[in-house]
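Student: Pasting a structure below so you can have a look.
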Ligand SMILES: C[S@@+](CC[C@H](N)C(=O)[O-])C[C@H]1O[C@@H](n2cnc3c(N)ncnc32)[C@H](O)[C@@H]1O
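Residue numbers (the numbering used here): 1132 to 1325.
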């Protein structure tokens, strides 16, 4: 999988199986506009850049924005827009054809919260849905007609709840792929705006 040079940083999520579950299953057509929320090292966006030239990424962790910028530069990828900020805040009035998010999906007790910015990579709150629910409530406002959402979460953070929320927001959604690890399945959920 060493297709790109991938620098890492102690404060930024290191690409793992969940990153590649998304990167290997991207539903992006040439010329489509893509938004990746929570780019981390930029790994998923780099795979997306093989499919389209119009990519914007965001992260709430400034260390991630800086690392993604370095990884894009060292891989000769020049046209990915990098925006620092919370969720859709940096792209307020903008819409995209495809929106990607490998979410922080781990159910996390108060005592497990880390003080470093790396905490943003994992912490899904007590039920694992703290960030997923905010994303699902807003994502429809940022998608073009016929747009697609691709998100990664865990069976521990409630696949059915995600499918229900998407259904109620007017999407056709499915678990498109999953991988089993110890106590959980990591799932890729694809949702089509109708
Ligand atoms: C599981 S990591 C995924 C990183 C990378 N996309 C990958 O697949 O390897 C989740 C990323 O989402 C970012 N993140 C968490 N909450 C966010 C929010 N509210 N707005 C933007 N980014 C967020 C984290 O900082 C982290 O980089």
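Glycine included, every Cβ here is placed at the ideal spot set by N, Cα and C. In this text, all values refer to a predicted model and were calculated from it rather than measured experimentally.
Only counting runs of 3 or more residues, tell me where the beta strand (DSSP E) segments fall wholly within the region 1137-1216, in order along the chain.
Tutor: You should have 1164-1168, 1185-1190 and 1211-1215.
Student: Within 10 angstroms of its Cβ, does residue 1245 collect 16 or more other Cβ (buried), or is it exposed?
Tutor: It counts as exposed.
Student: Would you mind working out which of 1313, 1283 and 1273 sits nearest residue 1300, comparing C-alpha positions?
Tutor: If we check each option's Cα against that of residue 1300, 1273 comes out closest.
Student: Who are the near neighbours of residue 1250 in its chain, counting only those whose CB is closer than 7 Å to its CB and skipping five residues on each side?
Tutor: Hits under 7 Å: 1244.
Student: In this structure, how does DSSP classify residue 1275 when only helix, strand and coil are distinguished?
Tutor: Strand, per DSSP.
Student: Restricting to Cα atoms, I'd like to know which of 1259, 1268 and 1239 is closest to residue 1280.
Tutor: Ranking 1259, 1268 and 1239 by Cα distance to residue 1280 puts 1268 first.
Student: Identify the residues that DSSP records as bridge partners of residue 1324: which are they?
Tutor: Answer by DSSP bridge pairing, in chain order: 1302.
Student: Could you tell me which residues DSSP puts in a beta bridge with residue 1233?
Tutor: 1283, per the DSSP bridge assignment.
Student: Figure out for me which residue from 1284, 1189, 1144 and 1271 has the closest Cα to the Cα of residue 1222.
Tutor: Of the listed residues, the one whose Cα sits closest to residue 1222 is 1189.
Student: Would you say residue 1174 and residue 1229 are within 8 Å of each other, going by their C-beta atoms?
Tutor: Against a cut-off of 8 Å, the Cβ pair of residue 1229 and residue 1174 comes out as no contact.
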